[in-house]
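Chains as they are written, first to last, in this note's numbering: chain H, 16 to 568; chain A, 155 to 276.
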């Protein structure tokens with residue numbers, strides 16, 4: 016470290032009571048009187064965490080040099096100051112967060128000139144740190160901590176009795192400094208990396224949906240598993256779209272760390288925005304591709320995006336450089352056909368062809384990222400087959416996620432992060448039996464359930480539209496009746512019999528005669544839309560029974 | 155996902171309100187109030203474009219009548235855009251209220267009605 020200077024430098028007096036010492040010859044062997052010198056190179060030290068390592072080094076220095084105080088100050092490159100980091104016999108230095116400007120005082124000059132300095136008499140020397148005087152330290156010896164040519168701090172020892180520190184003492188202190196320097200630097204770097212990892216993880220987590228909205232017509236489950244070391248850019252989203260549609264997307268940003276996490280947040284927002292505009296999966300991915308192309312930094316990502324129509328069970332999907340979705344149905348799992356399309360941001364004017372299928376009641380769509388199926392030395396198709404095998408018996412989206420992870424994720428953890436989204440076309444019961452909160456916002460929920468149920472019963476678009484408005488009007492009546500202060504509910508029942516649909520809406524409020532144009536018109540709609548309507552008003556409540564024959568599709 | 159959306163466009167003589175989504179008792183009053191609030195005094199009236207509405211219930215129909223009344227009180231007209239084959243037309247037909255005011259099939263036809271009328275103040 017400093018031994019090249021040995022030939023060019025002579026001991027010199029800095030004035031102010033400070034003497035620059037010649038750097039000592041490295042100690043080749045333990046000497047009789049200093050057997051503990053070697054203990055600084057004890058390999059066991061490197062196993063210790065930074066605080067324990069510093070503590071141990073300080074103890075050994077104190078013991079080896081028979082000094083009263085030992086202190087380590089670290090160089091803060093931003094403020095150009097030395098900051099007390101660890102101390103023995105001078106704990107106040109750390110507690111008070113002592114800061115010494117580079118180039119001033121005892122430690123400041125050691126750091127600025129990168130030389131060992133000896134002070135025989137603190138009382139008559141230029142010492143900046145008041146604690147050294149308060150502690151009545153008589154003599155001091157300090158050396159710079161240098162790692163790969165960079166100054167990282169200062170290590171100094173002190174004695175309450177005035178004493179000489181000679182070349183042998185300096186050799187011991189330099190050896191300790193040589194040990195402490197790289198250890199501190201390593202700990203600093205890993206702390207910085209850990210910090211970046213933590214920030215990336217936090218960002219990544221904050222950019223995934225916290226909880227998924229309860230959506231009519233589908234059941235959804237998701238998983239995100241971080242990689243063992245790095246934070247990746249895997250993401251997913253599930254959102255409602257107009258007209259009973261649900262969008263489900265999974266993606267993987269190329270790269271790791273904060274920038275990947277930040278990009279995934281932007282992609283998630285961009286995709287959701289284009290989807291809400293009403294674009295289909297293929298066009299939506301193409302627009303996200305144009306968005307990625309327009310970013311100033313070069314970026315690349317893969318994604319698979321599907322739109323499920325909860326009224327008709329139609330599923331439209333497209334992929335951009337992403338692995339094919341899997342559909343689970345009745346004990347079988349099949350890998351969907353995809354037309355290969357380039358990743359987002361890969362080529363100008365990339366096209367994403369769209370595919371369509373029907374995701375029947377109970378069937379499960381599974382989207383995943385490559386971390387789940389990619390294993391070193393194993394073909395990708397083998398991994399995808401293993402996934403299909405793992406999930407084929409799943410009957411719920413939760414099942415599908417759990418089985419995939421149980422079979423494919425190694426116990427030791429992952430090299431790449433994994434995201435999974437699973438969406439099931441909800442099983443539509445033959446009969447509807449619903450208890451619903453008597454609130455206006457319930458109406459849109461009722462209409463979505465009803466449209467899907469009527470579709471499954473074989474009603475055509477005209478039947479569905481007219482019956483939906485009639486039932487919604489009957490529910491609106493029930494909601495208006497509910498003026499109890501406590502949360503009120505009403506009941507809706509529906510069944511089919513020989514091509515006849517019967518729906519009843521029952522509340523426990525008192526019937527109120529139609530007021531003005533509005534409710535009178537509601538009743539007209541119900542009567543006009545259904546073949547047969549009965550309204551039973553009793554002291555216990557009101558029941559509207561509606562029947563209509565469906566012509567069928 | 156909000157149930158409906160209202161997009162407002164101002165043209166020289168009128169305000170065009172393009173409504174999309176579903177209008178029911180949960181949002182009908184808000185939709186109506188949004189349009190009325192946005193209507194400048196100097197406009198001859200409002201073109202309420204219901205061609206993009208997927209669902210309209212009796213509460214929505216009631217609000218349309220209310221809008222017409224408040225615009226009339228300000229000397230302004232309400233023209234509805236309702237295609238003959240549309241969910242809104244179905245609702246009005248079931249309610250027996252096919253023409254809740256002046257109706258045009260397209261926004262262009264509705265604007266032509268304003269253009270042919272003399273500008274206010276002459």
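Note that the Cβ used here is the ideal one computed from N, Cα and C, for glycine as well.
In the three-state DSSP reduction, residue 234 (chain H) falls in the strand class (E or B). Counting along the chain, residue 222 (chain A) sits inside the alpha helix (DSSP H) bounded by residues 212 to 227.
Taking a C-beta cut-off of 9 Å against chain H, the contacting residues of the region 221 to 245 of chain A are 241, 244, 245, listed in chain order.
Annotation: residue 104 (chain H) to residue 281 (chain H) spans about 53 Å, alpha carbon to alpha carbon. Between residue 437 (chain H) and residue 381 (chain H), the beta carbon gap of about 5 Å places them in contact (Cβ cut-off 8 Å). For residue 176 (chain H), there is no enclosing alpha helix (DSSP H), since its DSSP letter is neither H nor E.
Contact note: residue 215 (chain A) reaches chain H through 536, using a C-beta cutoff of 7 Å and chain order. Between the region 167 to 181 of chain H and the region 83 to 96 of chain H, the count of Cβ pairs shorter than 8 Å is three or higher; the stretches touch. DSSP places residue 561 (chain H) within a strand segment (E or B) once states are collapsed to three. Cβ atoms of residue 338 (chain H) and residue 388 (chain H) come within 8 Å of each other, at about 7 Å. Taking 8 Å as the threshold, the shortest C-beta distance from residue 296 (chain H) to chain A does not fall below it.
Following the DSSP letters along the chain, one finds residue 219 (chain H) inside the alpha helix (DSSP H) bounded by residues 182 to 222. In this structure, the straight-line span from the alpha carbon of residue 370 (chain H) to that of residue 357 (chain H) is close to 16 Å. In the three-state scheme derived from DSSP, where H, G and I count as helix and E and B as strand, residue 452 (chain H) is classed as strand.
Scanning its chain for C-beta atoms nearer than 6 Å, with the 5 sequence neighbours on each side dropped, one finds around residue 549 (chain H) the residues 560, in chain order. When C-beta atoms of the region 293 to 302 of chain H are compared with those of the region 413 to 420 of chain H, fewer than three pairs fall below 8 Å, so the two segments do not count as touching.
Per DSSP, the continuous alpha helix (DSSP H) segment holding residue 476 (chain H) begins and ends at 476 to 496. Residue 516 (chain H) has a beta carbon lying at 8 Å or more from every beta carbon in chain A. Across the set H:181, H:320, H:330, H:279, the C-alpha of H:279 shows the shortest separation from the C-alpha of residue 307 (chain H). For residue 159 (chain H), the pairing in a beta bridge is given by DSSP as H:169.
Beta-bridge partners of residue 98 (chain H) (DSSP): H:89, H:114. Taking every protein chain shown into account, the CB of residue 348 (chain H) has 16 or more other CB atoms within 10 angstroms, so this residue is buried. For residue 484 (chain H), the chain A residues whose Cβ falls inside 8 Å of its Cβ are 209, 211, 244, 245, 248, in order along the chain. Contact between residue 222 (chain A) and residue 255 (chain A) is confirmed by a C-beta separation of about 5 Å, below the 8 Å threshold. In the DSSP assignment, the residues bridged to residue 437 (chain H) are H:236, H:381.
Cβ proximity to chain A below 8 Å picks out 462 from the region 461 to 476 of chain H. Given a length threshold of 4 residues, each whole run of the alpha helix (DSSP H) inside the region 260 to 307 of chain H is given here in chain order: 272 to 291.
Spatial neighbours of residue 28 (chain H) in its own chain (CB-CB distance under 6 Å, excluding positions within 5 residues in sequence) are listed in chain order as 34. With a threshold of 8 Å between beta carbons, residue 178 (chain A) makes contact with chain H.
Proximity of chain A to residue 458 (chain H) at the Cβ level (cut-off 7 Å) is accounted for by 178, 179, 180, in chain order.
Note on geometry: alpha-carbon atoms of residue 552 (chain H) and residue 489 (chain H) lie some 13 Å from one another. Chain H has no Cβ within less than 8 Å of the Cβ of residue 186 (chain A). Here DSSP, grouped into helix, strand and coil, assigns residue 154 (chain H) to strand.
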